[in-house]
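Trainee: Just so we're aligned: 87 in the numbering used here is position 67 of the sequence shown, and the numbers increase by one with no gaps anywhere.
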Amino acid sequence: HCSDDEKGSLGINYGEYFKLVPLLKEAESFSTPDYLVKVKWSKILSKGERRYKKCYGPAFIMQFSGSGLVAPCGMLFNRKFERFHIGNIVEKSFKEIWKSEKYWEVLGYLASDKFNPQTDCGTLCLQHKVNEFLWDLKQGKVSLEEPKGEPPLHINFV
Numbered sequence: 021h022c023s024d025d026e027k028g029s030l031g032i033n034y035g036e037y038f039k040l041v042p043l044l045k046e047a048e049s050f051s052t053p054d055y056l057v058k059v060k061w062s063k064i065l066s067k068g069e070r071r072y073k074k075c076y077g078p079a080f081i082m083q084f085s086g087s088g089l090v091a092p093c094g095m096l097f098n099r100k101f102e103r104f105h106i107g108n109i110v111e112k113s114f115k116e117i118w119k120s121e122k123y124w125e126v127l128g129y130l131a132s133d134k135f136n137p138q139t140d141c142g143t144l145c146l147q148h149k150v151n152e153f154l155w156d157l158k159q160g161k162v163s164l165e166e167p168k169g170e171p172p173l174h175i176n177f178v
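(1) For the candidate residues P42, C75, E152, whose alpha-carbon lies nearest to that of K63?
(2) Could you tell me the alpha carbon to alpha carbon distance between A47 and P92, rounded to whole angstroms?
(3) Pull up the DSSP beta-bridge partners for N151, would you.
(4) With DSSP as the reference, label T143 as helix, strand or coil.
(5) Relative to the C-alpha of L65, which candidate in E36, G86, S49 has its C-alpha closest?
(6) Please go through the same chain and pick out, in chain order, the residues whose beta-carbon is closer than 6 Å to the beta-carbon of L44, but skip the five residues on each side of it.
(7) Going by the DSSP bridge assignment, what does V90 pair with across the sheet?
(8) Going by the DSSP bridge assignment, what does Y179 pair with across the sheet?
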């Protein structure tokens, strides 16, 4: 897929993806037990639009560049977004980065009214589905059920 920036610089019309649905379904039919063709339907059919107005996802899915740069998302690796650069995993441990003031400052800003993913983000981000769910949870549209089964070995086990 192709993802555009927050200004729509590439001019991608995500509505055009709908014309490709039959072809993408055919591509999925080539899956075998040893080879999986997986179409990211939720992203492709979203038209690159968001209904949530805050970004909560990076706390759950942080992104690292090949050079070790840690940022909330891949779009923010660019130098022009340096204020969102949280640290570098080559220089500091993840624990140090996670406990840093910069981490909490950046994540706090993304979840604040000062930042709106509908206008400030590129399209088709990694955290999109996490953001949708957390937005709905915060808005009271969904609720969490009590977990079933055996408790995990550790409270932070995912």
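Just so it is clear, CB atoms sit at the ideal spot from N, CA and C, and this is done for glycine as well.
Mentor: On the basis of the supplied data:
(1) E152
(2) 32 Å
(3) N151 is not bridged to any residue.
(4) coil
(5) E36
(6) V59
(7) F84, G107
(8) Nothing in the structure corresponds to residue 179, since the chain is present only between 21 and 178.
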